[in-house]
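Colleague: Mind having a look at this structure? Questions to follow.
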Amino acid sequence: MQAIQDKEGIKRYLITLYVNGDPYTKVVKANTLLVNVLRDDLDLTGTKKGCELGDCGSCTVLLDGKPVNACLVLAVEADGRDIITIEGLGDNEKLDPIQEAFIENAALQCGYCTAGMIMSAKALLNSNPDPTEKEVREAIAGNLCRCTGYVNIVKAILSCGRQSKGGDE
Amino acid sequence: MMEGKFSVIGKSKPRIDGRVKVTGQAKYTGDLKLSNMLVGKILTSPHAHAMILKIDTTEAQRQPGVKAVITHEDVPDLKYGISPARWDENIFCIDKVRFVGDKVAAVAAIDEETVYKALALIKVDYELLPAVFDPIEALQEGAPLVHEQCPGNVNTEIHQNFGDVEKAFAEAYYVRTDTFVGQRTYQCPIEPHSAISVWEGGKLTVYSSTQSPHYFQYYIARQFGLKMGDVRVIKPHMGGGFGGKLEPTGLEFAGAALAMRTGRPVKMFYDRHEMFAHNRGRHKQIMKVTTGVDKHGKILGVHADFIMDGGAYTSLGVATAYYAGAMLPLTYEYENYKFDMIRAYTNLPACGAQRGHGHPQPRYAYECHLDMLAKDLGMDPLELRLINTRKPNTVTPNDFRVNSCELEACLKKAKEISGWEEKRKNLSSGKGIGLAVGSFVTGAGYPIYRTDLPQAAAMIKVNEDGTSATLYTGAVDIGQGSDTILCQMAAEAMGFTYEQMKIVSADTETTPHDFGAYASRQTLMSGAAVKQAGEEVKQQVIEMASMMLQTDYRDLECREGVIWRKTDPSVTITYAAVARDFFVRKGPLVGKGSYTPPKLGGTFKGAPVGTSPAYSFCAQISQVDIDEETGEIKVEHVWDVHDCGTVINPALLHGQVHGALFMGMGEAVWEEVVFDDKGKILNANLGEYRLPTALDMPNITSELVFSPEPEPAGPWGVKEVGEGSTIPTMGCYSNAIYDAMGVRVYSLPLSYEKVWRALKEKREHEQQK
Numbered sequence: 082m083q084a085i086q087d088k089e090g091i092k093r094y095l096i097t098l099y100v101n102g103d104p105y106t107k108v109v110k111a112n113t114l115l116v117n118v119l120r121d122d123l124d125l126t127g128t129k130k131g132c133e134l135g136d137c138g139s140c141t142v143l144l145d146g147k148p149v150n151a152c153l154v155l156a157v158e159a160d161g162r163d164i165i166t167i168e169g170l171g172d173n174e175k176l177d178p179i180q181e182a183f184i185e186n187a188a189l190q191c192g193y194c195t196a197g198m199i200m201s202a203k204a205l206l207n208s209n210p211d212p213t214e215k216e217v218r219e220a221i222a223g224n225l226c227r228c229t230g231y232v233n234i235v236k237a238i239l240s241c242g243r244q245s246k247g248g249d250e
Numbered sequence: 034m035m036e037g038k039f040s041v042i043g044k045s046k047p048r049i050d051g052r053v054k055v056t057g058q059a060k061y062t063g064d065l066k067l068s069n070m071l072v073g074k075i076l077t078s079p080h081a082h083a084m085i086l087k088i089d090t091t092e093a094q095r096q097p098g099v100k101a102v103i104t105h106e107d108v109p110d111l112k113y114g115i116s117p118a119r120w121d122e123n124i125f126c127i128d129k130v131r132f133v134g135d136k137v138a139a140v141a142a143i144d145e146e147t148v149y150k151a152l153a154l155i156k157v158d159y160e161l162l163p164a165v166f167d168p169i170e171a172l173q174e175g176a177p178l179v180h181e182q183c184p185g186n187v188n189t190e191i192h193q194n195f196g197d198v199e200k201a202f203a204e205a206y207y208v209r210t211d212t213f214v215g216q217r218t219y220q221c222p223i224e225p226h227s228a229i230s231v232w233e234g235g236k237l238t239v240y241s242s243t244q245s246p247h248y249f250q251y252y253i254a255r256q257f258g259l260k261m262g263d264v265r266v267i268k269p270h271m272g273g274g275f276g277g278k279l280e281p282t283g284l285e286f287a288g289a290a291l292a293m294r295t296g297r298p299v300k301m302f303y304d305r306h307e308m309f310a311h312n313r314g315r316h317k318q319i320m321k322v323t324t325g326v327d328k329h330g331k332i333l334g335v336h337a338d339f340i341m342d343g344g345a346y347t348s349l350g351v352a353t354a355y356y357a358g359a360m361l362p363l364t365y366e367y368e369n370y371k372f373d374m375i376r377a378y379t380n381l382p383a384c385g386a387q388r389g390h391g392h393p394q395p396r397y398a399y400e401c402h403l404d405m406l407a408k409d410l411g412m413d414p415l416e417l418r419l420i421n422t423r424k425p426n427t428v429t430p431n432d433f434r435v436n437s438c439e440l441e442a443c444l445k446k447a448k449e450i451s452g453w454e455e456k457r458k459n460l461s462s463g464k465g466i467g468l469a470v471g472s473f474v475t476g477a478g479y480p481i482y483r484t485d486l487p488q489a490a491a492m493i494k495v496n497e498d499g500t501s502a503t504l505y506t507g508a509v510d511i512g513q514g515s516d517t518i519l520c521q522m523a524a525e526a527m528g529f530t531y532e533q534m535k536i537v538s539a540d541t542e543t544t545p546h547d548f549g550a551y552a553s554r555q556t557l558m559s560g561a562a563v564k565q566a567g568e569e570v571k572q573q574v575i576e577m578a579s580m581m582l583q584t585d586y587r588d589l590e591c592r593e594g595v596i597w598r599k600t601d602p603s604v605t606i607t608y609a610a611v612a613r614d615f616f617v618r619k620g621p622l623v624g625k626g627s628y629t630p631p632k633l634g635g636t637f638k639g640a641p642v643g644t645s646p647a648y649s650f651c652a653q654i655s656q657v658d659i660d661e662e663t664g665e666i667k668v669e670h671v672w673d674v675h676d677c678g679t680v681i682n683p684a685l686l687h688g689q690v691h692g693a694l695f696m697g698m699g700e701a702v703w704e705e706v707v708f709d710d711k712g713k714i715l716n717a718n719l720g721e722y723r724l725p726t727a728l729d730m731p732n733i734t735s736e737l738v739f740s741p742e743p744e745p746a747g748p749w750g751v752k753e754v755g756e757g758s759t760i761p762t763m764g765c766y767s768n769a770i771y772d773a774m775g776v777r778v779y780s781l782p783l784s785y786e787k788v789w790r791a792l793k794e795k796r797e798h799e800q801q802k
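Residue numbers (the numbering used here), protein chains in the order written: chain U, 82 to 250; chain P, 34 to 802.
Structure representation (C-alpha cells):
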C-alpha cells in the first residue's frame, strides 16, 4: 500500500476498494473506517450508521462475501477486497429476491436497519440456501431492529429459503 | 363484509416507501449532503451539577477549520419547554449545568475530526455542587436544588380525587395495597438524531429527524424571534422515534444558531452515547396502588400514589405525570378514583414521552396488583377482570368518554386462543401463563401548546393528466407507515387507486399543518382530514362526470379510478379522463380537509391529559418458562388481542403490534439505563443497554376483535394501534412468572437476577418453616 505523509506528519494510504464490482481508489488515514469511505467518499448512503461500535449491525456489508460491520473495519483493511453494499443487490430491472421478500412480508418499518438486515440475510442465504428459523434468527442476531419485533423479517428471510428450493414448504 | 364495503382500505397494500428502503435509496437526514456544509457538535457537561464559572473558547476558535464556536452568550436566553409555567431549558446552560450531558457550547467546523479537536479545546471552569439522583431523596428537605426557583425539587404535583375513595375503602370487603418500581428506559431508535440547518437571507430551513416538524417550527421561530413563515422544517425519511424525537433535541437550536452565524449549512448529530445522555426516555416511577373490592371482586375504588423521577428538566414530563394516572380507570369500571403524583427534579437526564406515554409502568403495577388481589380472593385473575371490564359508551371517573370498547371480547378471545383454562391448571413445572390488559388514546385531545389550530389538515391534488394524485399532509411517517395508510385512505375517499397515489409529507412549507407522530393520533386525526379532502375531490369528479356523461350525478358511482352509472354499469368513464377535462376547463382539481376533535374532557386541573376522541383496548396473555437454577425467563408465546377499530392495512397494523410488544418485552426483562454514583450513564450503548435481539423474541399471535358498531369518532371507525401493545406486556410477564414459580418481582426489569433472588428467598423461607 502506498503511503504519503501530510504537512503535519500524518500518513495517508492509497487504497483501492472493489465496491459492487467497481474499483474505487481513495486516499485514507490509517484510522478511517470503511463505513465512512462508503458513505462520505462514495456517497453509498444505503449503508447506515447506528452506533459506530459494532452493536447495531446497520452498517453490515459483505466483505469478500462475509457479513461485517463496516464501522469495525478500517478502510486500509479493505484494500484490494470485494465489498457488496445494499446498492449492489438487484438491479434496475429486478430486485434481489430478498429485497422483494422484505417488501412482500412488510418486513420493514422505519427502514434504518433494513440494509444491514438484508445484507446479513444475503450472506446467510448464500451459504445456506434453506435455513431453519433458528439459523435465520442467529444470522440476524447482530442486527438490531427497534420497529418490527423481527417477526416479519424472519418470515421474509425464510420465504426466500423455501423459494430457492422450488417453493415447497 | 369489508371486501364489499371498501375498495382500498382493509387491504395489505405494500408500503409506499418499501422499494426505496430495501434498495438503500431512501435518504435519511444524516445521509443528506449540501454544498459548503459544515459539521457541528455540542459540548456537554461532564458533571451532574456544577456552576459554570467561565467558558474560554479562544483556543477552539483558533483551531484551523473551525468556523464558529458559540455559547449561551451567542444565542437568545429565552427559556423553552412544554408549558409557560415550566419553561426551564435554555439552548445552552447559562449559570449552571444540571446533569452529565447538559449543553454548554457548540462548534461548527469543516469536518468531524476538526469539530472534535475544537470541542476538546473549549475550557470550562466548573464549581461542583452536590447532586441528587434519586427522586425520593430529591424530595427530602435539604436536598440539593436542581432549579433554584423550584423549592423541594417538585416539578409537577398532582392531586386528583373523583368520587369518595376513602368511603369506598371503608365499605369494601377487602382492600389491598402494593408498591412497584419502574426504571428509566430509553427509546433507542436505530437512527441517531440529526438536523441540518440552512440559513438563506432571513429564512431558516431545517432538515430534521423529528416526529413533529410543526412543533420544531414553532419552537425554533419562537426561540429566535422569527416568523413561523420564515422557518421551514422538513422531515426526510426517518429511522424511528418512539417519542424520543418529539421535542427539541438541542441540535436544531444549536444548528440554527451556527448556520446563522456562519451563513453555511450545518449538519448536527448525536452519537449513540449522546442520544442516551440527551435522553427524554421513560420516567422511573415508584407506584403505590390500593384497591378496594366487594366480596364478588367488583372494584369499588382505587388510589394511585406515584412518584416519578423527571431528571433535570420538564421536557414533556408534565404530560407524562398526568398520563400515568389518567389512563388507569380506562380499563375497569369504578366511580371512586384518587390519583396523587409528584414528578421530582433530579440531576439526571430529563425524561419525556416513550411509547405508551407514562402508562406502561402504572399498568404493570396495576395488573400485578389485580392478580395479587385475585389470589387473595381465591378468584381466577381473568374472571376478576371480566367482572370489572369497561363497557362501551361509558364515562370514566375522570371524565373520559369511551365510545367503542371491546375489552371484554379481547379478554374472551385471548382466553380462548391461548388455552388459558387448560394451561392455568396443567402447565408443567417451571412454566406459567399470565394476563394483563391495556388501553390507549387515539390521539391526544389537545395539542402540546395552547392553540386553536386544527389537529390535522390535508390537501389532495389530482395531477393534470388525471393518471395520478398527490396527497399533501403534514403527518409524519417515522416508520409506522402513515404515508402508506393515508394514501390508502385518500384513494378510498376519492374513489381512486392506491397504486397511483403519490405523497408529499412532513414539510411545513409544502404540506398543510399537522401536529405529527405522537399519541397514536395520525390514523384517526390525519386520516379524518385526508378522508375529507378525498371526498371533496370525489364530489368534483362526479359532478364533472355527470356533465360529461349527461347523467344525473346521483346516478354515478366512483371507485378505484372508474366512474359508472349505477342504473347502467356498462356506461363508464375513467377517472383520468374526467380529471383531465376538469383541469382543462376549471384548473387544478384539489380537495382539502381538516380535523378538529370535539371538546373533550372535564374541567378539573389536568383534565385535558388523557382525553381522546377514541380509545383502543387490548388484552395480552403470555406463556413463560423459567429456569429455576438461573432465573432465566424464556417467553414462549404471547397472544395479543386488540380492539383497534377498522383496519386500514392489516400487514402494517400487525407490524405495529409486533413492535409495540417487542418494546414492552425489552422493558419487561432487560432494559434499564444505569448510572454510576456521579450521574454518569454506565450503559450508553446498544451492547450493554440490552435491546431484545431476534433470538429473544417469543412466538407472537396478534388477533383483533371488532365492535358491532364502528367507532363513531374515527374516519371509517379507526382507532389506535401503535402504542397500545407496549402497555400490558410487563404486567403480563410478571403475572406469568408468578404463575410459573410463585414469586413476585416488584421492580422492573424482571431480570434473571431478580427472579433468581426471589426464588432463592422463597426457598429459604420455605426451609425455615
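Here a beta-carbon is modelled for each residue, glycine too, at the ideal position from N, C-alpha and C.
As the structure is a computational prediction, the values presented were derived from the model and not from experiment.
(1) Using a beta-carbon distance cut-off of less than 7 angstroms, what residues from the region 693 to 724 of chain P approach chain U?
(2) Taking the alpha helix (DSSP H) that residue 194 (chain P) belongs to, which residues open and close that run?
(3) Report yes or no: do the region 618 to 626 of chain P and the region 478 to 498 of chain P share at least 3 C-beta pairs separated by less than 8 angstroms?
(4) Do the region 97 to 110 of chain U and the region 159 to 172 of chain U touch if we need at least three Cβ pairs shorter than 8 angstroms?
(5) Check whether the Cβ atoms of residue 563 (chain P) and residue 664 (chain P) sit closer than 8 angstroms, and answer yes or no.
(6) Would residue 567 (chain P) and residue 534 (chain P) be called neighbours here (beta carbons separated by less than 8 angstroms)?
(7) Within 10 angstroms of the Cβ of residue 483 (chain P), are there 16 or more other Cβ atoms? Answer buried if so, exposed if not.
(8) Among P:334, P:546, P:690, which has the Cα closest to the Cα of residue 430 (chain P)?
(9) Taking Cβ positions only, does residue 219 (chain U) come closer than 8 angstroms to chain P?
(10) Label residue 336 (chain P) either buried or exposed according to how many other C-beta atoms from any shown protein chain fall within 10 Å of its C-beta, with 16 as the threshold for buried.
(11) Just reading off the alpha helix (DSSP H) that residue 572 (chain P) is part of, what are its end residues?
(12) According to the Cβ coordinates, are residue 685 (chain P) and residue 511 (chain P) closer than 8 angstroms?
(13) With a cut-off of 8 angstroms, do at least 3 Cβ pairs link the region 177 to 190 of chain U to the region 221 to 235 of chain U?
(14) Just to make sure I have the definition right: I need the residues of chain U whose C-beta is within less than 9 angstroms of the C-beta of residue 217 (chain P). Which are they?
(15) Closer than 8 angstroms by C-beta to residue 144 (chain P): which residues in its own chain qualify, once you throw out the five before and the five after it? Chain order, please.
(16) With DSSP as the reference, please indicate the residues paired to residue 373 (chain P) in a beta bridge.
(17) Nearest to residue 384 (chain P) by CA position, among P:464, P:218, P:261, P:485, is which residue?
(18) Note down the Cα distance separating residue 589 (chain P) from residue 579 (chain P), rounded to an integer number of angstroms.
(19) Quick one: Cα of residue 250 (chain U) to Cα of residue 754 (chain P), how far?
(20) For residue 428 (chain P), which option in P:52, P:438, P:419 has the closest C-alpha, if you only look at C-alpha atoms?
(21) Which of the three DSSP states is assigned to residue 250 (chain U) in this structure?
(22) Below 7 angstroms CB to CB, which residues in the same chain sit around residue 152 (chain P) once its five sequence neighbours on both sides are set aside?
(23) What ranges does the beta strand (DSSP E) occupy inside the region 478 to 555 of chain P, keeping only unbroken runs of at least 3 residues that lie completely in it?
(24) Tell me the DSSP secondary structure of residue 177 (chain U) in three-state form.
(25) Out of P:202, P:570, P:353, P:651, state which residue places its alpha-carbon closest to the alpha-carbon of residue 736 (chain P).
(26) Output needed for residue 59 (chain P): all residues of its chain with C-beta closer than 7 angstroms, excluding positions within five of it in sequence on either side, in chain order.
(27) Under 9 angstroms Cβ-Cβ, which residues of chain P neighbour residue 139 (chain U)?
(28) What is the C-beta distance between residue 90 (chain P) and residue 138 (chain P), in whole angstroms, given that I count them as a contact (C-beta under 8 angstroms)?
(29) Around the Cβ of residue 329 (chain P), are there at least 16 other Cβ atoms within 10 angstroms (buried) or fewer (exposed)?
(30) Give the secondary structure of residue 194 (chain U) by DSSP, where H, G and I count as helix, E and B as strand, and everything else as coil.
(31) When you compare only the Cα positions, how much space is there between residue 177 (chain U) and residue 203 (chain U)?
(32) Going by DSSP, name the residue or residues bridged to residue 99 (chain P).
(33) Have a look at the DSSP bridge pairing and note the partners of residue 736 (chain P).
(34) Would residue 250 (chain U) pass as an interface residue toward chain P - the criterion being a Cβ-Cβ separation below 8 angstroms?
(35) Is the CB-CB distance between residue 382 (chain P) and residue 344 (chain P) below 8 angstroms?
(36) Bridge partners for residue 711 (chain P) per DSSP, in chain order?
Modeller: Inspection of the coordinates gives the following:
(1) 694, 695, 718, 719, 720, 724
(2) That residue, residue 194 (chain P), is in no alpha helix (DSSP H); its beta strand (DSSP E) goes 187 to 195.
(3) yes
(4) yes
(5) no
(6) no
(7) exposed
(8) P:334
(9) yes
(10) buried
(11) 560 to 582
(12) no
(13) yes
(14) Residues of chain U passing the Cβ test: none, with the nearest at roughly 17 angstroms.
(15) 72, 98
(16) P:192, P:338
(17) P:218
(18) 7 angstroms
(19) Low per-residue confidence applies at residue 250 (chain U): pLDDT is 41, beneath 50, and the placement is therefore not dependable, though the value from the model is reported in the following sentence. Straight-line Cα distance between these residues: approximately 32 angstroms.
(20) P:438
(21) With a pLDDT of only 41 at residue 250 (chain U), under 50, the local geometry of the prediction cannot be trusted, and the value read off the model is given with reservation. Coil.
(22) 74, 76, 140
(23) 489 to 495, 502 to 506, 534 to 538
(24) coil
(25) P:651
(26) 50, 53, 270
(27) 223, 224, 272
(28) 7 angstroms
(29) exposed
(30) coil
(31) 9 angstroms
(32) P:142
(33) P:674
(34) Bear in mind that a pLDDT of 41 at residue 250 (chain U), under 50, signals an unreliable position, so the model cannot answer this.
(35) yes
(36) Paired residue(s): none; residue 711 (chain P) is not in a bridge.
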